[in-house]
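Student:
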Amino acid sequence: MDKFTTLSGVAAPMPLVNIDTDMIIPKQFLKTIQRSGLGKNLFDEMRFDDNGNEIPDFVLNQPAYRQAQILVAGDNFGCGSSREHAPWALLDFGIRCVISTSFADIFYNNCFKNGILPIVLPQEHVDILMDDARKGENARVSIDLESQTVTSADGQQFSFEIDPFKKHCLLNGLDDIGLTLEKVSAIDSFEAQANQSRPWV
Amino acid sequence: MTVAKTLYDKIWDAHVVHQDKDGTCLLYIDRHLVHEVTSPQAFEGLRMTGRTVRAPEKTIAVPDHNVPTTPDRENGIENPESRIQVDALDKNAREFGVNYYPVNDIRQGIVHIVGPEQGWTLPGMTVVCGDSHTATHGAFGALAHGIGTSEVEHVLATQTLIQQKSRNMKVEITGSLRPGVTAKDITLSVIGVTGTAGGTGYVIEYCGQAIRELSMEGRMTVCNMAIEGGARAGLIAPDEKTFAYVQGRPHAPKGAQWDAALAWWKTLQSDEDAHWDKVITLRGEDIAPVVTWGTSPEDVLPITASVPAAEDFSGGKVDAVRRALDYMGLKPGQKLTDIEIDTVFIGSCTNGRIEDLRAAAAILKDKKIKSGLRAMVVPGSGLVRAQAEEEGLAQIFIDAGFEWRLAGCSMCLAMNPDQLSPGERCAATSNRNFEGRQGRGGRTHLMSPAMAAAAAITGRLTDVRELTGEPVLTG
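Chains A and B, in that order, give the protein sequences.
FYI, in numbering that gives the first Met the number 0 the residues of the first sequence are 0 to 200.
FYI, in numbering that gives the first Met the number 0 the residues of the second sequence are 0 to 474.
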């Protein structure tokens, strides 16, 4: 997993609430057995018509946002299924950060496993960043994970909260499994004890 | 003095392997369910790092999302990508030695129906799966939730998950349900109240008389859609109904182990004075048979209501409703019972169990579906299918004009050939009405099996009480 330390890039506005995982990556693209290559199908049914042509109105098809690395989105982004294909598709497209008032639980966790930073901000701050994002490619947003700040194009700074362990892993690009396997003796002893107390498991 | 705990607290505490200073926990996982869509990259990850499956005996694999539900599937899967995924699961399950129900095994079915049916799911367990509807297993008083593929790999390798604890929410349904009202109406009505993000950050415990009065099948329907309300998991405390359902299943404990298990399971209730971070109470008597009209499960109304207008909402929901009505091809003020449908889908991990098929068949007995309608029943497992055939339900469906399919996820998410065409409108017993969920441009109305059966007869969204002659006491 790539580290996430700082990011400065174009933010694309997606004010729609409840953007679900079926919108982010429709099910016909879940048949892959790889993690890569899903960026071309990101938001497929919003981005392309029935003939596979780009829908010009869709935000990521507009020249200003084709290189977007940040999404500013409506409430409850990523609701729906557990498909990690959603963050894989975002990452493959080049999105490294999503800002919203709230995220669905599983999607939120999946982001951290893939070097994507989901940032929760209060409505009034998301509104300001959404308005900025609408200004197009000149409106760059800067994010500093270490100091937990988002800086808008005109220098307004907003702080965000993040779980310290998740922050640590993201800053250092750490592999969760490797970290957990360092605690294998604790797992061994838990299992031995559970075999006594709950042998039916 | 002991601190009063919720059921969630108790299950959590019994599974903490290690706790960091910041509260991050390593939680032991008792059961890991695996299907073909969210696992190939996880098994590949194990191979690339030379890791293995720590507890194959606690891991259960079954293909469900991609499998065709037509009888010709025994000849293999036509779609090459689906075939590769199902073949990959077959290879991985055999190579890593996990429990496995292949496509042509009668025990095959939707992973969340197979787990309880085979007795893998037991009270007090932690259960995970790379699928958001893992919440279903909470009906047994098990802490069960969906995980992403990276976490699937983590559980395969370590039999643990790194977790932060959620907050406790109590959803109480008092009193009894009125005639014609079912578990599906409870769970949709709760989401109507909380919204799809109302449960974010919480584990919900459903309780109250109306929940106690539900069968295990009904309780699974309720917990299944906890995720649609945004919650990490839904739970129902185990009781005599739970124990009776579990006893004698292939992987349930037996003999002295059964007695020991039962003694512990009986302690799995929230303490009287446990702390709740949020409480929602609904009167069972107030819940009506409901349907969804929009593209989010929170877009739900009693069947007696009319399509709302965007202006009835506030904030970001105004634009979302405008978009939803356009997508769904509906006009504000239109009566829900005037909405004509093209297709009926009965099945899914929400409503693909035997009781669901009984409820639908009770409405369809000696009746025909509206001419020109496409209607299918997809049992949740091969065993549900066999039981329905034995009980004569299959013949009722066939006589009414339904297609009688083999088990799988089918049109709930349309990864197999069972899909809606653009503009096609479906009365569905599944769990999501998202844009494109059942096929690009497809229009989904969620409802109970009885309501879907009623819609099949009339060809429009229908109050099931119209057909049964039951009094319309709510709506």
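C-beta atoms are modelled at their ideal positions from N, C-alpha and C, and glycine is treated no differently.
From a predicted model like this one, the values you see are computed outputs, not experimental measurements.
If you draw a straight line from the C-alpha of residue 61(A) to the C-alpha of residue 55(A), how long is it?
Tutor: Straight-line Cα distance between these residues: approximately 6 Å.
Student: Chain B beta carbons: is any one of them nearer than 8 Å to that of residue 140(A)?
Tutor: No, no contact with chain B.
Student: Rounding to the nearest angstrom, what Cα-Cα distance links residue 150(B) and residue 190(A) in this structure?
Tutor: Going by the C-alpha atoms only, they are around 19 Å apart.
Student: For the putative contact between residue 432(B) and residue 293(B), defined by C-beta atoms under 8 Å, what is the C-beta separation to the nearest angstrom?
Tutor: Correct: roughly 7 Å between the Cβ atoms.
Student: Answer yes if the stretch 337 to 357 of chain B comes into contact with the stretch 369 to 376 of chain B, meaning at least three C-beta pairs across the two stretches below 8 Å, and no otherwise.
Tutor: Judged by Cβ distances under 8 Å, the stretch 369 to 376 of chain B makes contact with the stretch 337 to 357 of chain B, as three or more pairs qualify.
Student: In three-state terms, what does DSSP make of residue 188(A)?
Tutor: Here residue 188(A) sits in helix by DSSP.
Student: Could you say which of 442(B), 135(B), 406(B) and 242(B) lies nearest to residue 422(B) if we only look at CA atoms?
Tutor: Per the Cα distances, 442(B).
Student: Nearest-angstrom Cα distance between residue 84(A) and residue 314(B)?
Tutor: If you take the alpha carbons of residue 84(A) and residue 314(B), they lie about 29 Å apart.
Student: Going along the chain, which residues of its own chain have a beta-carbon closer than 6 Å to the beta-carbon of residue 475(B), five neighbours each way excluded?
Tutor: A question about residue 475(B) goes unanswered here, because the residues of chain B that appear run from 0 up to 474.
Student: Alpha carbon to alpha carbon, what distance is there between residue 61(B) and residue 100(B)?
Tutor: Spanning the two alpha carbons is a distance of roughly 5 Å.
Student: For residue 157(B), go through chain A and note every residue whose CB falls closer than 7 Å to its CB, in chain order.
Tutor: Correct list: 176, 179, 180 and 186.
Student: Run down chain B in chain order and give the residues with a C-beta less than 8 Å from the C-beta of residue 108(A).
Tutor: Within 8 Å Cβ-Cβ: 146, 147 and 150.
Student: Exposed or buried, which one is residue 82(A) when buried takes at least 16 other CB atoms within 10 Å?
Tutor: So residue 82(A) counts as buried.
Student: Are the stretch 125 to 141 of chain B and the stretch 16 to 32 of chain B touching, with three or more C-beta to C-beta distances below 8 Å?
Tutor: Contact between the stretch 125 to 141 of chain B and the stretch 16 to 32 of chain B is present, because at least three Cβ pairs lie under 8 Å.
Student: Using 10 angstroms around the beta-carbon of residue 219(B), count the other beta-carbons present and answer buried if the total reaches 16, otherwise exposed.
Tutor: Residue 219(B) should be labelled buried.
Student: Report the residue ranges of all beta strand (DSSP E) runs contained in full by the stretch 252 to 302 of chain B; include only those spanning at least 3 residues, in chain order.
Tutor: 277 to 282, 289 to 291 and 299 to 301, all fully within the stretch 252 to 302 of chain B.
Student: Residues in its own chain within less than 7 Å of residue 59(A) by CB, not counting five upstream and five downstream?
Tutor: Answer for residue 59(A): 11, 42, 46, 65 and 67, listed in chain order.
Student: Inspect the beta-carbon positions of residue 165(B) and residue 88(B) and report whether they are closer than 8 Å.
Tutor: No, the Cβ-Cβ distance between residue 165(B) and residue 88(B) is not below 8 Å.
Student: Beta carbon of residue 115(A), beta carbon of residue 95(A): below 8 Å?
Tutor: Yes.
Student: Using the Cα positions of residue 143(A) and residue 283(B), report the straight-line distance between them to the nearest angstrom.
Tutor: For residue 143(A) and residue 283(B), the distance between alpha carbons rounds to 49 Å.
Student: Buried or exposed: where does residue 485(B) fall if 16 or more other Cβ atoms within 10 Å of its Cβ makes it buried?
Tutor: Nothing in the structure corresponds to residue 485(B), since chain B is present only between 0 and 474.
Student: Should residue 194(A) be labelled buried (16 or more other beta-carbon atoms within 10 Å of its own) or exposed?
Tutor: Exposed, because fewer than 16 other Cβ atoms sit within 10 Å of the Cβ of residue 194(A).
Student: Does residue 39(A) get closer than 8 Å to chain B when you measure Cβ to Cβ?
Tutor: Residue 39(A) does not count as touching chain B.
Student: Would you tell me roughly how many angstroms separate the C-alpha atoms of residue 157(A) and residue 50(B), rounded to the nearest one?
Tutor: Computed Cα separation, rounded: 42 Å.
Student: Starting from residue 78(A), trace the alpha helix (DSSP H) in both directions and tell me its first and last residue.
Tutor: From DSSP, residue 78(A) is part of no alpha helix (DSSP H); its letter is neither H nor E.
Student: Run through DSSP, which three-state label would residue 67(B) get?
Tutor: The answer is coil: DSSP assigns residue 67(B) none of H, G, I, E or B.
Student: Determine the extent of the alpha helix (DSSP H) in which residue 398(B) is found, giving its start and end residues.
Tutor: Taken as a continuous stretch (DSSP letters only), the alpha helix (DSSP H) holding residue 398(B) covers 392 to 399.
Student: Taking beta-carbon pairs under 8 Å, can you tell me which members of the stretch 298 to 319 of chain B lie near chain A?
Tutor: Per Cβ criterion, the list reads 314, 315, 316, 318 and 319.
Student: Could you spell out the range, first to last residue, of the alpha helix (DSSP H) harbouring residue 149(B)?
Tutor: Note, residue 149(B): alpha helix (DSSP H), 148 to 157.
Student: Measuring CB atoms only, is the stretch 89 to 97 of chain B touching the stretch 30 to 40 of chain A, in the sense that at least three cross pairs come out at less than 8 Å?
Tutor: No: the two stretches stay apart, fewer than three of their Cβ pairs being nearer than 8 Å.
Student: List the residues of chain A whose Cβ lies closer than 8 Å to the Cβ of residue 19(B), in chain order.
Tutor: Going along chain A in sequence order, the residues near residue 19(B) (Cβ under 8 Å) are 164.
Student: Below 8 Å on the Cβ atoms is my guess for residue 10(B) versus residue 147(B); work out the distance and round it to an integer in Å.
Tutor: Not a contact, Cβ separation roughly 22 Å.
Student: Use the C-beta contact count for residue 274(B): other C-beta atoms within 10 angstroms, 16 or more gives buried, fewer gives exposed.
Tutor: Residue 274(B) comes out exposed.
Student: If you measure beta-carbon to beta-carbon, which residues of the stretch 32 to 57 of chain A are closer than 8 Å to chain B?
Tutor: Of all residues in the stretch 32 to 57 of chain A, 32, 33, 34, 44 and 49 have a Cβ within less than 8 Å of some Cβ in chain B.
Student: Tell me, to the nearest whole angstrom, how far the beta carbon of residue 98(B) is from that of residue 159(B); I am working on the premise that it is less than 8 Å.
Tutor: That belief does not hold up - the Cβ atoms of residue 98(B) and residue 159(B) are roughly 19 Å apart, past 8 Å.
Student: Along the chain, which unbroken stretches of the alpha helix (DSSP H) at least 4 residues long are found entirely within the stretch 417 to 462 of chain B?
Tutor: Within the stretch 417 to 462 of chain B, the complete alpha helix (DSSP H) runs of at least 4 residues are 448 to 457.
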